[in-house]
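Trainee: Starting off with a structure, shown below.
2 protein chains.
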Amino acid sequence: MKKLRVLVVGLGNVGRGVLLSLSNNDDMELAGVVSRTPERVKKELPGVAVVKADDIAGIKALNADVAILCGGSKNDLPLQGPQFASIINTVDSFDHHDRIPEYFAAMDTAAKASGKVSVISTGWDPGVFSLERVLANAFIPGAVAKGFYGLGEKGGLSMGHSDALRTIPGVKDARQYTHAVPEAIEAVRAGKAVNFKAGDLHTRECFVVLEDGADAASIEEQIKSMPGYFAPYKTTVNFVTEEELKSRCAGFPHDGCVIASGVTGAGNGAVVEYHCRWGSNPEATANILVAHARAVGRLASEGRSGAFTILDIPASYFSRHSREDLLKKFM
Amino acid sequence: MKKLRVLVVGLGNVGRGVLLSLSNNDDMELAGVVSRTPERVKKELPGVAVVKADDIAGIKALNADVAILCGGSKNDLPLQGPQFASIINTVDSFDHHDRIPEYFAAMDTAAKASGKVSVISTGWDPGVFSLERVLANAFIPGAVAKGFYGLGEKGGLSMGHSDALRTIPGVKDARQYTHAVPEAIEAVRAGKAVNFKAGDLHTRECFVVLEDGADAASIEEQIKSMPGYFAPYKTTVNFVTEEELKSRCAGFPHDGCVIASGVTGAGNGAVVEYHCRWGSNPEATANILVAHARAVGRLASEGRSGAFTILDIPASYFSRHSREDLLKKFM
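Protein sequence lines correspond, in order, to chains A and B. Residues 534 to 864 (my numbering) are what the first sequence spells out, left to right. Residues 534 to 864 (my numbering) are what the second sequence spells out, left to right.
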């Protein structure tokens, strides 16, 4: 059977995770990498076709079946998404929850015009957690699902919040770990109708390396008052050396869960929980993107076009296994 | 919008759960109940249309959109499934895992011939757990998902094993609780490649009321040596009075989880777990069947026909919510 040819757009942590993931999915192969800095990528990946991001003819010549867009949601995807959707099938992990309807509409328009398939906003949240929220609500009508992040002792590394810390003048490097509030988890599990604010569900722990001569007290104050990112949360700031940061904050671990609690017919309790724990958050996202690339191939082969989310795709489309195997071994 | 008219076939615990569930899903309504004993059901449900199981004309006259088949997998569904699939869209919870491929083929043939949609083998296992097994394996290639049942202190009530106990002469009444083995859960979570046998994953606890004069020792021996049901497991048998059975064994609680453990790209650990805890097992199954009835309506409106499983259906089809709401509130 012909392998699905996958184009990786953007070689950051997620893009590198996609390369690794492709080698664990023997029905797919790498068609090439699209980068803003092709010379850098060619050195890192000898033997791989590398094309500049604005070289449309070069991208088309790679003859890929699907492009996995690994750019960021803030600056890359809003422009890049519709551009790619107008020339190739795409998968992306656009994760600004509030702006998903707007992004869906833009991608749907572009993909319908080109006759391509675009799966948007997948990964573990949005993505698998979105799916679990919908299933929980469908199977337990009235249940409201809550998501929690950073369940383990060390918490979960938030890339977005780490980036936010690094924008503060005087901060040389930083990491942010999110911690779920155990009492909030227990309240949701018990079905208590608490009207949670964001700060009730999570706390934030920062590890910050200062530039020489930076004012620690002022930086701590700037962090704790940063709107959206830290102001709504109980936030602790730890100033550490570069060496301490390196040893304490290695890797990209993250974990989380979705919990929904409600009742069935005669008032009997019903609780469902989905948990995931990842040694590498970007590799987890990459694995999920790659499984969605398989689904894109299937949708495209059916002549479908337009934007899709994980909610629009049957689970079997993500799987390497045949219908016969699924019925026999997975049902 | 026109409500989906649902026919309930068989008024046991699951059928009663479906009636309750329909009242919590305002896009559906009860079309009627099909029963082998319509007079009994008419007394229990005054005002509800009740039709005898072999009255095809009567069933058709109820003008239902979908029939939820609540019969058992051993004696009812293998015959009843294809019969109903040849006249109406159906949903069922056929749960003999080994025989699902064969049942799927029979239902697919019947439903394709009649142009109807038949969703088979849904509930929480097979059903939601099947879905979670497929997703875990797709997102963590190579990960093998294991299911566990009876996680809480009291364990989970197994109807099938309780029925098996009651077939033994001298047993007046009985309940069987399944317990997951905590060490096995930890081994799966840790990704240990243990070659588990059934008896390594679960133990079985029986509560048995004897008939007057029955021989306890002989019955205990018969239980513990029953092939398939008890012989492969560490089984304990408690003889109790009818009163003790009533107070210890009220209701139909059950719970379980699917755990899959593996690695992502560079060998980083990855674990996903789906847990559910139900105060009423038959009500849980009923709720899931009802959400699938909604999906059947959607598939039928698209002109689809044949047999489907939960693996073939997008999550959005189970949901009461519009695409706009799903994008805005659930993604």
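Positions of the beta carbon are idealized from the N, C-alpha and C atoms, including for glycine. Here the structure is a predicted model, which means the values were calculated and not measured.
Output needed in chain order: residues of the stretch 643 to 657 of chain A with a Cβ under 7 angstroms from some Cβ in chain B.
Mentor: Residues passing the 7 angstroms Cβ filter: Ser654.
Trainee: Count the other C-beta atoms from every protein chain shown that fall within 10 angstroms of the C-beta of B/Arg573, then say buried if there are 16 or more, exposed otherwise.
Mentor: Exposed, since its Cβ has fewer than 16 Cβ neighbours within 10 Å.
Trainee: Mind checking A/Ala495: buried by the 16 CB within 10 Å criterion, or exposed?
Mentor: Any question about residue 495 of chain A goes unanswered here, given that chain A covers just 534 to 864.
Trainee: For the stretch 627 to 639 of chain A against the stretch 806 to 823 of chain B, do three or more pairs of beta-carbon atoms, one drawn from each stretch, fall closer than 8 angstroms, so that the two count as touching?
Mentor: These segments do not touch.
Trainee: Considering only DSSP beta bridges, list what B/Lys705 is partnered with.
Mentor: Beta-bridge pairing links B/Lys705 to no other residue.
Trainee: Which chain A residues are close to B/Leu859, counting only those with a beta carbon under 7 angstroms from its beta carbon?
Mentor: Neighbours of B/Leu859 on chain A, chain order: Val667 and Leu844.
Trainee: So B/Thr797 contacts chain A; which residues on that side make the cut at Cβ distance below 8 angstroms?
Mentor: The contacting residues are Gly550, Leu553, Ser554, Trp811, Gly812, Ser813, Glu816, Ala817, Ala819 and Asn820.
Trainee: Using alpha carbons as the reference points, say which of B/Lys725, B/Glu775 and B/Leu734 lies closest to B/Arg708.
Mentor: The candidate whose alpha carbon is nearest that of B/Arg708 is B/Glu775.
Trainee: Which residue from A/Asn622, A/Ile653, A/Ala564 and A/Ala826 puts its Cα closest to that of A/Ser606?
Mentor: It is A/Ile653.
Trainee: Less than 8 angstroms separating the beta-carbons of A/Ala669 and A/Val796?
Mentor: No; because the gap between Cβ atoms is not below 8 angstroms, this pair is not in contact.
Trainee: With distances taken between CB atoms, is the gap from A/Gly604 to A/Val584 smaller than 8 angstroms?
Mentor: Taking 8 angstroms as the Cβ cut-off, A/Gly604 and A/Val584 do not qualify as a contacting pair.
Trainee: Give me the chain B residues within the contact set of A/Asn557, using Cβ-Cβ distance strictly less than 8 angstroms, ordered along the chain.
Mentor: The answer, in chain order, is Pro674, Gly675 and Gly798.
Trainee: Bridge partners for B/Ser813 per DSSP, in chain order?
Mentor: Answer is B/Phe785, bridged to B/Ser813.
Trainee: Please report the straight-line C-alpha distance between A/Leu553 and A/Asn546, rounded to a whole angstrom.
Mentor: Computed Cα separation, rounded: 11 angstroms.
Trainee: Straight-line CA distance for B/Gly761 to B/Phe662?
Mentor: If you take the alpha carbons of B/Gly761 and B/Phe662, they lie about 22 angstroms apart.
Trainee: Does any C-beta atom of chain B lie closer than 8 angstroms to the C-beta of A/Ala833?
Mentor: So, not an interface residue.
Trainee: Tell me, to the nearest whole angstrom, how far the beta carbon of A/Leu690 is from that of A/Phe785; I am working on the premise that it is less than 8 angstroms.
Mentor: Going by Cβ atoms, the distance from A/Leu690 to A/Phe785 rounds to 5 angstroms, so yes, they are a contact pair.
Trainee: Kindly say whether B/Met561, judged by its beta-carbon, lies nearer than 8 angstroms to any beta-carbon of chain A.
Mentor: For B/Met561, the answer is no, since every Cβ of chain A falls outside 8 angstroms of its Cβ.
Trainee: Judging by CA-CA distance, which residue of B/Phe841, B/Ser556, B/Tyr850 and B/Ile846 is the nearest neighbour of B/Arg827?
Mentor: Nearest of B/Phe841, B/Ser556, B/Tyr850 and B/Ile846 to B/Arg827, Cα basis: B/Tyr850.
Trainee: Under the DSSP definition of a beta bridge, which residues are partnered with A/Arg737?
Mentor: Answer is A/Thr711 and A/Thr768, bridged to A/Arg737.
Trainee: If I follow the unbroken alpha helix (DSSP H) through B/Leu860, where does it start and stop?
Mentor: Unbroken run through B/Leu860: none, as it is neither H nor E.
Trainee: Establish whether the CB of B/Gly802 and some CB of chain D are separated by less than 8 angstroms.
Mentor: This model lacks chain D altogether; the protein chains it does include are A and B.
Trainee: With a cut-off of 8 angstroms, does the C-beta of A/Pro611 fall near any C-beta of chain B?
Mentor: By this cut-off, A/Pro611 is not an interface position.
Trainee: Across the stretch 712 to 731 of chain A and the stretch 671 to 686 of chain A, are there enough close Cβ pairs to call them in contact, namely three or more that are closer than 8 angstroms?
Mentor: These segments touch.
Trainee: So the candidates are B/Ser556, B/Tyr807 and B/Phe772; which of them puts its Cα closest to the Cα of A/Gly798?
Mentor: Of the candidates B/Ser556, B/Tyr807 and B/Phe772, the one whose C-alpha sits nearest the C-alpha of A/Gly798 is B/Ser556.
Trainee: Can you tell me where the alpha helix (DSSP H) with B/Lys576 in it begins and where it stops?
Mentor: Taken as a continuous stretch (DSSP letters only), the alpha helix (DSSP H) holding B/Lys576 covers Pro571 to Glu577.
Trainee: To the nearest angstrom, how far is the alpha carbon of A/Ala646 from that of B/Thr736?
Mentor: Each residue's Cα considered, the two are about 58 angstroms apart.
Trainee: Evaluate A/Pro579 with the Cβ neighbour count: other Cβ atoms within 10 Å of its Cβ, from every protein chain shown; 16 or more gives buried, anything less gives exposed.
Mentor: Flag for A/Pro579 reads exposed.
Trainee: Report back the beta-carbon spacing between A/Gly724 and A/Gly839 to the nearest angstrom; my notes put them in contact at under 8 angstroms.
Mentor: Not quite, the Cβ-Cβ distance comes to about 38 angstroms (not below 8 angstroms), so this is no contact.
Trainee: Going along the chain, which residues of its own chain have a beta-carbon closer than 8 angstroms to the beta-carbon of A/Tyr636, five neighbours each way excluded?
Mentor: Leu610, Pro611, Gly614, Phe627, His629, Ile653 and Ser654, listed in sequence order.
Trainee: Give the interface partners of A/Pro634 over in chain B, defined as CB-CB distance under 9 angstroms, in chain order.
Mentor: Correct list: Glu857, Leu860, Lys861 and Met864.
Trainee: Can you list, in chain order, the residues of its chain whose CB lies under 6 angstroms from that of A/Ser651, leaving out five sequence neighbours each side?
Mentor: Answer for A/Ser651: Ala618, Thr623, Met640, Ala644 and Ala840, listed in chain order.
Trainee: Could you tell me whether any non-hydrogen atom of the ligand NAP is closer than 7 angstroms to the CB of A/Phe851?
Mentor: In the structure on display, the ligand NAP does not appear, and there are no ligands present to speak of.
Trainee: Where does A/Phe729 fall in DSSP's three states?
Mentor: Coil.
Trainee: Compare the C-beta of B/Leu778 against all C-beta atoms of chain A and say whether one is closer than 8 angstroms.
Mentor: No, no contact with chain A.
Trainee: Suppose you measure from the CA of A/Met864 to the CA of B/Glu665; what does that come to, to the nearest Å?
Mentor: Rounded to whole angstroms, A/Met864 to B/Glu665 spans 10 angstroms at the Cα level.
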